[in-house]
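Number of protein chains: 2
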Amino acid sequence: MPKVATQASVSLDGFIAGPENGGFEYLFAWCRAGDVEVPTASPGRSYKVSEASAGYVRDMIHGYGALVVGRNQFDGMDGWGGQHPMRVQVFVVTHSVPEGWAPESAEFVFVTEGGVKAAVERAKAVAGDKNIGVGPGVVAREALEEGLLDEIRIDLVPFMLGEGVRFVDTLGAAPLEFGDPQVIQGKKVTHLVYPVTAGAAGAR
Amino acid sequence: MPKVATQASVSLDGFIAGPENGGFEYLFAWCRAGDVEVPTASPGRSYKVSEASAGYVRDMIHGYGALVVGRNQFDGMDGWGGQHPMRVQVFVVTHSVPEGWAPESAEFVFVTEGGVKAAVERAKAVAGDKNIGVGPGVVAREALEEGLLDEIRIDLVPFMLGEGVRFVDTLGAAPLEFGDPQVIQGKKVTHLVYPVTAGAAGAR
Numbered sequence: 066m067p068k069v070a071t072q073a074s075v076s077l078d079g080f081i082a083g084p085e086n087g088g089f090e091y092l093f094a095w096c097r098a099g100d101v102e103v104p105t106a107s108p109g110r111s112y113k114v115s116e117a118s119a120g121y122v123r124d125m126i127h128g129y130g131a132l133v134v135g136r137n138q139f140d141g142m143d144g145w146g147g148q149h150p151m152r153v154q155v156f157v158v159t160h161s162v163p164e165g166w167a168p169e170s171a172e173f174v175f176v177t178e179g180g181v182k183a184a185v186e187r188a189k190a191v192a193g194d195k196n197i198g199v200g201p202g203v204v205a206r207e208a209l210e211e212g213l214l215d216e217i218r219i220d221l222v223p224f225m226l227g228e229g230v231r232f233v234d235t236l237g238a239a240p241l242e243f244g245d246p247q248v249i250q251g252k253k254v255t256h257l258v259y260p261v262t263a264g265a266a267g268a269r
Numbered sequence: 066m067p068k069v070a071t072q073a074s075v076s077l078d079g080f081i082a083g084p085e086n087g088g089f090e091y092l093f094a095w096c097r098a099g100d101v102e103v104p105t106a107s108p109g110r111s112y113k114v115s116e117a118s119a120g121y122v123r124d125m126i127h128g129y130g131a132l133v134v135g136r137n138q139f140d141g142m143d144g145w146g147g148q149h150p151m152r153v154q155v156f157v158v159t160h161s162v163p164e165g166w167a168p169e170s171a172e173f174v175f176v177t178e179g180g181v182k183a184a185v186e187r188a189k190a191v192a193g194d195k196n197i198g199v200g201p202g203v204v205a206r207e208a209l210e211e212g213l214l215d216e217i218r219i220d221l222v223p224f225m226l227g228e229g230v231r232f233v234d235t236l237g238a239a240p241l242e243f244g245d246p247q248v249i250q251g252k253k254v255t256h257l258v259y260p261v262t263a264g265a266a267g268a269r
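Now the structure itself:
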């Protein structure tokens with residue numbers, strides 16, 4: 066069954082970006098740390114990972130049928146130059162359609178009503194039997210709080226960044242409990258896939 | 066060879082204590098989550114953990130020959146009632162000997178000169194071929210910054226606490242890189258043992 070999942074490379078001290086929005090050379094070092102080449106949907110772009118990570122990365126690349134992201138991520142990535150590198154339709158949760166963009170296209174749909182929940186519903190409608198990826202940060206937090214998430218995928222990297230952007234900030238619904246993870250130990254990364262179980266959301 | 070290690074139960078969002086110094090029912094849920102009983106050095110106190118965790122816990126209980134902790138931890142635990150439950154000598158890094166305590170005893174040594182480094186040296190002298198445990202927080206950070214640590218042991222638990230006390234706060238030496246961890250997946254815990262390698266401390 067298709068899953069709604071959020072995923073992020075997270076430092077050992079809990080950050081998805083370092084000071085001044087940097088640190089990506091550490092957070093994504095694992096994507097170039099191995100010998101196994103895994104092509105992406107974008108010509109010329111590939112991962113070079115350990116054998117252990119390769120299957121996980123292939124699942125990731127081919128497993129998502131649509132993405133849901135926040136406006137901040139869309140703006141921060143400059144709309145990925147017009148198309149997301151995963152070559153799937155991206156549903157952007159926003160208050161208004163950004164200037165110069167069509168409200169809906171094969172590449173992007175700007176969801177201005179109904180928040181993350183509406184965006185996930187629309188994404189499910191196009192993803193078929195594939196998974197829905199939900200961007201980290203505020204969007205993931207809202208999806209978690211509204212019970213929309215099935216999985217949290219943490220690519221834990223052996224670095225400490227000291228400070229930066231936290232994976233999940235000021236979580237209103239905390240404490241939250243998850244199931245035990247599936248663990249894949251790669252090179253410069255530990256992939257941890259935590260199920261969000263119905264009974265477990267809300268540890269109180 | 067004996068190792069100097071710091072160890073902590075850490076939430077998925079990076080905390081070793083929750084809001085208002087609480088959350089321990091989540092952070093240490095794994096210690097009662099299984100069927101395998103592992104006795105401690107304290108009569109009547111034991112762990113009940115999964116088979117996978119049991120070996121790790123036995124190593125932990127019998128592996129430490131001495132501990133180094135900060136004054137905050139000593140005060141917060143009220144000196145463990147006069148003896149640490151691991152029944153090993155504890156070296157407390159402090160500016161002054163707390164009132165009512167002997168400067169040195171079989172249970173506690175108050176190290177008022179030379180900081181964490183001096184405390185680790187003194188701990189090594191009594192630990193024989195066993196490991197030295199270094200308390201989390203400021204003491205661990207100083208040990209890390211001064212190159213005294215050999216291992217970081219993270220017991221990662223599948224809970225998010227929202228806010229609280231961070232495992233390593235405002236790390237002056239960040240970014241730091243560690244080796245890939247040894248991973249043991251237990252019940253309600255993922256044990257991650259990261260080597261602090263000489264070349265890796267300091268990712269810059």
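The listed protein sequences derive, respectively, from chains E and D.
According to my numbering, the first sequence is numbered sequentially starting from 66.
According to my numbering, the second sequence is numbered sequentially starting from 66.
Quick reminder that beta carbons are idealized off the backbone N, C-alpha and C, glycines included.
All figures in this text were calculated on a predicted structure; none of them were measured in a lab.
Exercise for the section: With DSSP collapsed to three states, give me the class of P84/E. Expected result: Start at 1 with the first residue of the first sequence, and residue 84/E comes out as number 19. If DSSP states are grouped into helix, strand and coil, P84/E belongs with the helices.
Practice task
Step through the CB atoms of chain D and report whether any lies within less than 7 Å of the CB of D215/E.
Solution key: By 1-based counting over the first sequence, the position of residue 215/E is 150. No, D215/E lies away from the interface with chain D (no Cβ there is under 7 Å from its Cβ).
Practice task
Please name the residue, chosen from G130/D, G128/D, V155/D and M125/D, that lies closest to Q138/D on a Cα-to-Cα basis.
Solution key: To locate residue 138/D, count along the second sequence from 1; it is residue 73. That would be V155/D, whose Cα lies nearest to the Cα of Q138/D.
Exercise for the section: For H256/E, name the three-state secondary structure that DSSP assigns. Expected result: For the purposes of this step, residue 256/E is identified with residue 191 of the first sequence, where counting begins at 1. The answer is strand: DSSP assigns H256/E an E or B state.
Practice task
Under 8 Å between beta-carbons, which chain D residues line up against R231/E? List them in chain order, please.
Solution key: Start at 1 with the first residue of the first sequence, and residue 231/E comes out as number 166. Chain order gives the chain D residues near R231/E as D78 and G79, where near means a beta carbon separation below 8 Å.
Practice task
Kindly say whether Y129/D, judged by its beta-carbon, lies nearer than 7 Å to any beta-carbon of chain E.
Solution key: Taking the first residue of the second sequence as position 1, residue 129/D is located at position 64. Taking Cβ atoms only, chain E never reaches closer than 7 Å to Y129/D, which makes this a no.
Handout entry: Alpha carbon of A268/D to alpha carbon of G227/E, nearest angstrom
Key = What you label residue 268/D is simply residue 203 of the second sequence in a count that begins at 1. What you label residue 227/E is simply residue 162 of the first sequence in a count that begins at 1. In this predicted model, A268/D has a pLDDT of only 44, less than 50, meaning its place in the structure is not dependable; the value taken from the coordinates is given anyway. Their backbone Cα atoms lie some 12 Å apart in a straight line.
Exercise for the section: Check whether the Cβ of G202/E lies closer than 7 Å to any Cβ atom in chain D. Expected result: In the first sequence, the residue the question calls residue 202/E occupies position 137. No, its Cβ sits nowhere closer than 7 Å to a Cβ of chain D.
Problem - Secondary structure of A268/E, DSSP reduced to three states - result: Reading the first sequence from its first residue, position 203 is the one you call residue 268/E. Unreliable positioning characterises A268/E in this predicted model, as indicated by a pLDDT of 43, which lies under 50. A coordinate reading is not provided.
Practice task
State yes or no: is the beta carbon of A117/E nearer than 7 Å to at least one beta carbon in chain D?
Solution key: Here residue 117/E refers to the residue found at position 52 when the first sequence is read from its first residue. Taking 7 Å as the CB threshold, A117/E stays off the interface with chain D.
Practice task
Pick out whichever of E211/E, Q72/E and V103/E has its Cα sitting closest to the Cα of V134/E.
Solution key: Numbered from its first residue, the first sequence carries residue 134/E at position 69. Closest by C-alpha distance to V134/E, out of E211/E, Q72/E and V103/E, is Q72/E.
Exercise for the section: State the DSSP-derived secondary structure class of F139/E, mapped to helix, strand or coil. Expected result: Counted from its first residue, the first sequence places residue 139/E at position 74. Residue state, collapsed to three classes: helix.
Problem - Residue from D140/D, K182/D and D124/D whose Cα sits closest to the Cα of P163/D - result: For the purposes of this step, residue 163/D is taken as the residue at position 98 of the second sequence. The option with the nearest alpha carbon to P163/D is D140/D.
Handout entry: Nonlocal neighbours in the same chain, by C-beta distance under 8 Å from I197/E, ignoring five residues either side
Key = In the first sequence, the residue the question calls residue 197/E occupies position 132. So the list reads P67, K68, V69, A70, Y129, G130, A131, L132, V133, V185, A188 and K189, once near-sequence residues are dropped.
Exercise for the section: Can you say whether E242/E is buried or exposed, counting buried as having 16 or more other CB atoms within 10 angstroms of its CB? Expected result: One-based indexing of the first sequence puts residue 242/E at position 177. The residue is buried, with at least 16 neighbouring Cβ atoms inside 10 Å.
Exercise for the section: With a 10 Å radius around its C-beta and 16 neighbouring C-beta atoms as the bar for buried, classify G264/E as buried or exposed. Expected result: The sequence position of residue 264/E within the first sequence is 199, counting from 1. With a pLDDT of 47 at G264/E, under the threshold of 50, the predicted position of this residue should be treated as unreliable, though the coordinate-derived value follows. By the neighbour-count rule (16 or more Cβ atoms within 10 Å), G264/E is not buried but exposed.
Exercise for the section: Could you spell out where the alpha helix (DSSP H) holding K113/D opens and where it closes? Expected result: Taking the second sequence and counting its residues from 1, the one referred to as residue 113/D is at position 48. Looking at the DSSP string, K113/D is not in any alpha helix (DSSP H); the run it does join, the beta strand (DSSP E), is S111 to V114.
Exercise for the section: Using only alpha-carbon positions, find the residue among V230/D, V181/D, R231/D and V157/D that is nearest to L213/D. Expected result: Position 148 of the second sequence, counted from the start, is the residue given in the question as residue 213/D. Of the candidates V230/D, V181/D, R231/D and V157/D, the one whose C-alpha sits nearest the C-alpha of L213/D is V181/D.
Exercise for the section: Please check the pair V103/D and V122/D, which I expect to be a contact at CB under 8 Å, by giving their CB distance rounded to whole angstroms. Expected result: Here residue 103/D is taken as the residue at index 38 of the second sequence, counted from 1. Here residue 122/D is taken as the residue at index 57 of the second sequence, counted from 1. V103/D to V122/D, Cβ: 5 Å. Contact.
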